[in-house]
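Trainee: Please read through the structure below; I'll follow up with questions.
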Amino acid sequence: MGCTLKRKICLEDISSILGPAIQRNSFFEPERKLECGNVDEAFKVVDQIVEGEIHLGGQEHFYMETQSMLAVPKGEDREMDIYVSTQYPKGIQDIVASVLKLPANKVMCHVKRVGGAFGGKAFRTGIMAAITAFAANKHGRAVRCILERGEDMLITAGRHPYLGKYKAGFMNDGRILALEMEHYTNGGASLDESLLVLEVGILKMENCYKFPNLRCRGRACRTNLPSSTAFRGFGFPQAGLIIESCITEVAAKCGLPPEKVRMINMYKEIDQTPYKQEINAKNLSQCWKECMTMSSYSLRKAAVEKFNSENYWKKKGLAMVPVKYPVGLGSRAAGQAAALVHIYLDGSVLVTHGGIEMGQGVHTKMIQVASRELGVPLSDVHLRGTSTETIPNTNVSGGSVVADLNGLAIKDACQTLLKRLEPIISKNPRGTWKDWAQAAFDESISLSATGYFRGYESSMNWETGEGQMFEYFVFGAACSEVEIDCLTGAHKNIRTDIVMDIGHSINPAIDIGQIEGAFVQGMGLYTIEELSYSPQGVLYTRGPDQYKIPTICDIPTEFHISLLPPSQNSNTLYSSKGMGESGVFLGSSVFFAIHDAVSTARRERGLLGPLKLNSPLTPEKIRMACEDKFTKMIPRDKPGSYVPWNIPI
Numbered sequence: 001m002g003c004t005l006k007r008k009i010c011l012e013d014i015s016s017i018l019g020p021a022i023q024r025n026s027f028f029e030p031e032r033k034l035e036c037g038n039v040d041e042a043f044k045v046v047d048q049i050v051e052g053e054i055h056l057g058g059q060e061h062f063y064m065e066t067q068s069m070l071a072v073p074k075g076e077d078r079e080m081d082i083y084v085s086t087q088y089p090k091g092i093q094d095i096v097a098s099v100l101k102l103p104a105n106k107v108m109c110h111v112k113r114v115g116g117a118f119g120g121k122a123f124r125t126g127i128m129a130a131i132t133a134f135a136a137n138k139h140g141r142a143v144r145c146i147l148e149r150g151e152d153m154l155i156t157a158g159r160h161p162y163l164g165k166y167k168a169g170f171m172n173d174g175r176i177l178a179l180e181m182e183h184y185t186n187g188g189a190s191l192d193e194s195l196l197v198l199e200v201g202i203l204k205m206e207n208c209y210k211f212p213n214l215r216c217r218g219r220a221c222r223t224n225l226p227s228s229t230a231f232r233g234f235g236f237p238q239a240g241l242i243i244e245s246c247i248t249e250v251a252a253k254c255g256l257p258p259e260k261v262r263m264i265n266m267y268k269e270i271d272q273t274p275y276k277q278e279i280n281a282k283n284l285s286q287c288w289k290e291c292m293t294m295s296s297y298s299l300r301k302a303a304v305e306k307f308n309s310e311n312y313w314k315k316k317g318l319a320m321v322p323v324k325y326p327v328g329l330g331s332r333a334a335g336q337a338a339a340l341v342h343i344y345l346d347g348s349v350l351v352t353h354g355g356i357e358m359g360q361g362v363h364t365k366m367i368q369v370a371s372r373e374l375g376v377p378l379s380d381v382h383l384r385g386t387s388t389e390t391i392p393n394t395n396v397s398g399g400s401v402v403a404d405l406n407g408l409a410i411k412d413a414c415q416t417l418l419k420r421l422e423p424i425i426s427k428n429p430r431g432t433w434k435d436w437a438q439a440a441f442d443e444s445i446s447l448s449a450t451g452y453f454r455g456y457e458s459s460m461n462w463e464t465g466e467g468q469m470f471e472y473f474v475f476g477a478a479c480s481e482v483e484i485d486c487l488t489g490a491h492k493n494i495r496t497d498i499v500m501d502i503g504h505s506i507n508p509a510i511d512i513g514q515i516e517g518a519f520v521q522g523m524g525l526y527t528i529e530e531l532s533y534s535p536q537g538v539l540y541t542r543g544p545d546q547y548k549i550p551t552i553c554d555i556p557t558e559f560h561i562s563l564l565p566p567s568q569n570s571n572t573l574y575s576s577k578g579m580g581e582s583g584v585f586l587g588s589s590v591f592f593a594i595h596d597a598v599s600t601a602r603r604e605r606g607l608l609g610p611l612k613l614n615s616p617l618t619p620e621k622i623r624m625a626c627e628d629k630f631t632k633m634i635p636r637d638k639p640g641s642y643v644p645w646n647i648p649i
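Numbering of the sequence shown is given in our numbering, commencing with residue 1 and proceeding in unit increments.
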């Protein structure tokens, strides 16, 4: 006689937002903590203490090309070719091989170029690639999959929403002596990259400032939303806004300009980060000073004050923000790179490497590296797409290091070839590359070489709170001026000045383009890009008609970028620095310029209390923050007395 087993299943609602998730202890493990100095004792000796919090919403990648792939079964030995728009060919290869129960050597992943990625094609592309490859394998014919924009936004998710809480102890002259912070990320339904994003956010949370006594705790929250994933900046745009909001509030309490409090607490020359890594902040001070000069900050501050005194319904704001962006991947294994270089008998050169071209110009830079090392014209160097067939075991392309790592691998391959060709060239120093290639071939000298870079040494011990996580630091500063309409909440970006330290640039035009694009994307994050969900966790803002990204009208009318003179950075490729992500945070200068304008409007209306503004600063939020007789006419419903139709995250 059989027995029937009964199981009782208890279903529990999981919130989509951070507040309830924190209350229910809905966390992914582990907690992360970083501490230096004696925070508790420092709070006892300060003049003032301020506590606050700021919430940052998520952000959609909104790359021009949605998730796209083509799976082609080869017809022999179950081989499969995947042509895919991804940042991580090896990841696609592994996922498809696992789903089809094949060894990796029967699945080849090919990427010519990617129409934008920003982190959204690093780990999420594998979902659709596996489905597409499964269908192709099942039916024995090629299958193509291209997501529509709304589908893409539903499936891939985006930047982690963030809640930051801070408690700062400071002296009346603006010196912050004690700082306690809590970081909470909205990880969504699964962990994905949430722990890494949290760790990076904590390690970079002090931005440009030296806090002698600091404690920061962080948790990744589990909610009912699609899993948040990697996004350009990887935690720093959120963490940076939290500390700059704290600085702004401290300045208000001290009655000092925010830029003065920033300068007082900034790193000076040689110093140590909270995780005990040495930092040389000389170029940080230089960027700050040059930005002050280039933007004519003092003169424009006076002009803004004059404008505000003469206009009641329109106000201008001016803000200046520094950035210290640490660059590194956290482990040597994650920084490995490989390259393959062929010299053909006509003297032309073919280069392949493990990096992905996604609009950041890495292929252009790699051609420059090969040309420089071999001494051949740029026109003689060709670069094919990336493939697991030629470069196996590639790492994900991201973290501002793609050109660094793969460039060093190409340099290694080219130097190997030059060493082989030395006897040939010495016999015929006036010959052409065609002559040397033919002579090498006649003497049975290989004209192909692989190059390899092991990655930068990197480590972090979370138990001791010490490590050497990053290879170098990118410094910069941005000054932005805005004008807001107090009646509508609309704002205009009048002018932005940016000064950046980019080391010894391989291609300044590309780097400036990266700074410009990153700034605009950051500006969108902090001001207009708002994701809205139903109470059940369904995304409402799908597609460009509902989700607004910056357009040409949002670009500052005057947009100036200046680079510091070249500086040496011996451990990197030709002393260059990666510019892919650091500029995103500089978009916060627009956020704080709006904050400045709204504060002025409120003071004029007799509202002198603390001003709490969350990101993104949409027109609705700006309008309601500029309180007046019209906003008072709007009835306020008591929290809990109604069910909201939407939930911004």
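Quick reminder that beta carbons are idealized off the backbone N, C-alpha and C, glycines included.
As the structure is a prediction and not an experimental result, all values here were calculated from the model.
I'd like the ranges of any beta strand (DSSP E) spanning at least 3 consecutive residues and lying wholly in the region 283-340.
Mentor: The qualifying runs are 314-327.
Trainee: Short of 8 Å in beta carbon distance, which residues of its chain neighbour Glu249, apart from the five on each side in sequence? Order them along the chain.
Mentor: Position 249 of the sequence shown, counted from the first residue, corresponds to residue 249. These residues qualify, in order along the chain: Val50, Gly52, Ala168, Pro610.
Trainee: So the beta strand (DSSP E) Gln360 belongs to, where does it begin and stop?
Mentor: The count along the sequence shown starts at 1 and reaches residue 360 at position 360. Per DSSP, Gln360 belongs to no beta strand (DSSP E) and is neither H nor E.
Trainee: What beta strand (DSSP E) runs, 3 residues minimum, are completely inside the region 136-205?
Mentor: Taking only runs of at least 3 residues, the beta strand (DSSP E) segments lying wholly in the region 136-205 are 143-146, 162-170, 176-188.
Trainee: Between the C-alpha atoms of Met1 and Arg159, what's the straight-line distance to the nearest angstrom?
Mentor: Here the question's residue 1 lines up with position 1 in the sequence shown. Here the question's residue 159 lines up with position 159 in the sequence shown. Reliability of the predicted coordinates at Met1 is poor, the pLDDT of 46 falling under 50, and no value is obtained from them.
Trainee: Quick one: give me the first and last residue of the beta strand (DSSP E) that Ile82 is part of.
Mentor: As a first step, residue 82 must be located in the sequence shown, where it is residue number 82. Here the beta strand (DSSP E) through Ile82 covers 80-84.
Trainee: Can you name, in chain order, every residue of its own chain whose Cβ lies under 7 Å from the Cβ of Tyr574, other than the five neighbours on each side?
Mentor: Numbered from its first residue, the sequence shown carries residue 574 at position 574. So the qualifying residues of the chain are His504, Ile506.
Trainee: Looking only at its own chain, which residues have a Cβ that is under 7 Å from the Cβ of Arg384, when we skip the five neighbours before and after it?
Mentor: In the sequence shown, counting from the first residue as 1, residue 384 sits at position 384. Once the five neighbours on either side are set aside, the close Cβ partners of Arg384 are Leu350, Thr352.
Trainee: Hey, would you say Val598 sits closer than 8 Å to Leu613, going by beta carbons?
Mentor: On the sequence shown, residue 598 is found 598 positions in, with the first residue counted as 1. On the sequence shown, residue 613 is found 613 positions in, with the first residue counted as 1. Yes; because the gap between Cβ atoms is below 8 Å, this pair is in contact.
Trainee: Exposed or buried, which one is Val643 when buried takes at least 16 other CB atoms within 10 Å?
Mentor: What you label residue 643 is simply residue 643 of the sequence shown in a count that begins at 1. That one is exposed.
Trainee: For Phe453, report the span of its beta strand (DSSP E) as first-last.
Mentor: Position 453 of the sequence shown, counted from the first residue, corresponds to residue 453. From DSSP, the beta strand (DSSP E) with Phe453 extends over 448-453.
Trainee: Please state whether the Cβ-Cβ distance between Leu318 and Glu481 is less than 8 Å.
Mentor: Sequence index remark: in the sequence shown, residue 318 carries index 318 (1-based). Sequence index remark: in the sequence shown, residue 481 carries index 481 (1-based). Cβ distance < 8 Å, so Leu318 and Glu481 count as in contact.
Trainee: With a threshold of 6 Å on Cβ separation, who are the neighbours of Glu193 within its own chain once the five nearest residues in sequence on each side are excluded?
Mentor: Counting from 1 along the sequence shown, the entry for residue 193 is found at position 193. Closer than 6 Å at the Cβ level, and outside the excluded window around Glu193, lie Thr229, Ala230.
Trainee: Return the Cβ separation of Ile498 and Ile594 in integer angstroms, given the expectation that the two are a contact with Cβ distance under 8 Å.
Mentor: Your numbering for residue 498 matches position 498 in the sequence shown. Your numbering for residue 594 matches position 594 in the sequence shown. About 18 Å; that fails the 8 Å criterion.
Trainee: Would you report the Cα separation of Gly58 and Pro544, rounded to the nearest angstrom?
Mentor: Sequence index remark: in the sequence shown, residue 58 carries index 58 (1-based). Sequence index remark: in the sequence shown, residue 544 carries index 544 (1-based). Cα to Cα, the separation comes out at about 16 Å.
Trainee: From what residue to what residue does the alpha helix (DSSP H) around Met624 run?
Mentor: The residue labelled residue 624 in the question sits at position 624 within the sequence shown. That run of the alpha helix (DSSP H) goes 619-625.
Trainee: Would you mind stating whether Ala136 and Ala142 have Cβ atoms separated by less than 8 Å?
Mentor: As a position in the sequence shown, residue 136 is number 136, starting the count at 1. As a position in the sequence shown, residue 142 is number 142, starting the count at 1. Taking 8 Å as the Cβ cut-off, Ala136 and Ala142 qualify as a contacting pair.
Trainee: Beta-carbon separation of Ser387 and Cys109 under 8 Å?
Mentor: The sequence position of residue 387 within the sequence shown is 387, counting from 1. The sequence position of residue 109 within the sequence shown is 109, counting from 1. A contact, by the Cβ cut-off of 8 Å.
Trainee: Using the Cβ count rule (16 or more neighbours within 10 Å means buried), how would you classify Ala403?
Mentor: What you label residue 403 is simply residue 403 of the sequence shown in a count that begins at 1. Buried, by the Cβ-count rule.
Trainee: Does the beta-carbon of Met523 have 16 or more other beta-carbons within 10 angstroms, so that it is buried, or is it exposed?
Mentor: Position 523 of the sequence shown holds residue 523. Buried: at least 16 other Cβ atoms inside 10 Å.
Trainee: DSSP state of Leu11, grouped into three classes?
Mentor: As a first step, residue 11 must be located in the sequence shown, where it is residue number 11. With a pLDDT of only 43 at Leu11, under 50, the local geometry of the prediction cannot be trusted, and the value read off the model is given with reservation. Leu11 falls in the coil class under three-state DSSP.
Trainee: If you count every other CB in all the chains shown that lies within 10 Å of the CB of Asn651, and 16 or more means buried, which is it?
Mentor: There is simply no residue 651 to check, as the chain begins at 1 and stops at 649 in what is shown.
Trainee: Between which residues of its own chain and Ile343 is the CB-CB distance below 6 Å, once the five residues before and five after are set aside?
Mentor: For the purposes of this step, residue 343 is identified with residue 343 of the sequence shown, where counting begins at 1. Result list for Ile343: Val349, Ala437, Leu447, in chain order.
Trainee: Whole beta strand (DSSP E) runs in the region 451-494 with 3 or more residues, listed along the chain?
Mentor: List check, beta strand (DSSP E) in window: 459-461, 466-468, 472-485.
Trainee: Can you give the Cα-Cα distance for Ile270 and Ile410, rounded to whole angstroms?
Mentor: Position 270 of the sequence shown, counted from the start, is the residue given in the question as residue 270. Position 410 of the sequence shown, counted from the start, is the residue given in the question as residue 410. Ile270 and Ile410: Cα-Cα distance of roughly 33 Å.
Trainee: I need the DSSP call for Ala133, collapsed to helix, strand or coil.
Mentor: As a first step, residue 133 is located in the sequence shown; it is residue number 133 there, counting from the start. Correct three-state label for Ala133: helix.
Trainee: Would you please state the rounded distance, in angstroms, between the beta carbons of Glu357 and Arg113? I believe it to be under 8 Å.
Mentor: Within the sequence shown, numbered from 1, the residue matching residue 357 stands at position 357. Within the sequence shown, numbered from 1, the residue matching residue 113 stands at position 113. With 8 Å as the limit, Glu357 and Arg113 qualify as a contact, their Cβ atoms being about 4 Å apart.
Trainee: How many Å lie between Gly455 and Val401 at the Cα?
Mentor: As a first step, residue 455 must be located in the sequence shown, where it is residue number 455. As a first step, residue 401 must be located in the sequence shown, where it is residue number 401. Each residue's Cα considered, the two are about 10 Å apart.
Trainee: Take every Cβ of the region 230-248, pair it with every Cβ of the region 111-127, and state whether three or more of those distances are shorter than 8 Å.
Mentor: With the cut-off at 8 Å, the region 230-248 and the region 111-127 touch.
Trainee: Starting from the C-beta of Pro161, find all residues in its chain whose C-beta is less than 6 Å away, skip the five residues before and the five after it, and write them out in chain order.
Mentor: The sequence position of residue 161 within the sequence shown is 161, counting from 1. Gly57, Gly58, Asn186, Ile649.
Trainee: Classify Arg384 as helix, strand or coil using the three-state DSSP reduction.
Mentor: As a first step, residue 384 must be located in the sequence shown, where it is residue number 384. In the structure shown, Arg384 sits in coil (DSSP, three-state: anything other than H, G, I, E or B).
Trainee: Cα separation between Glu620 and Ser85?
Mentor: One-based indexing of the sequence shown puts residue 620 at position 620. One-based indexing of the sequence shown puts residue 85 at position 85. Taking the straight line joining both Cα atoms gives about 36 Å.
Trainee: Taking contact to mean 3 or more Cβ pairs, one atom from each stretch, closer than 8 Å, check whether the region 215-228 and the region 508-521 are in contact.
Mentor: Contact fails: fewer than three Cβ-Cβ distances are below 8 Å.
Trainee: By how many angstroms is the C-alpha of Val396 removed from the C-alpha of Arg332?
Mentor: In the sequence shown, the residue the question calls residue 332 occupies position 332. In the sequence shown, the residue the question calls residue 396 occupies position 396. Those two C-alpha atoms are separated by around 13 Å.
Trainee: For Phe453, count neighbouring Cβ atoms within 10 angstroms of its own Cβ and tell me buried if that reaches 16, exposed if not.
Mentor: In the sequence shown, residue 453 corresponds to position 453, counting from 1. Burial call: buried.
Trainee: From Pro392 to Glu530, what distance separates their C-alpha atoms?
Mentor: In the sequence shown, the residue the question calls residue 392 occupies position 392. In the sequence shown, the residue the question calls residue 530 occupies position 530. In a straight line, the C-alpha of Pro392 is about 39 Å away from that of Glu530.
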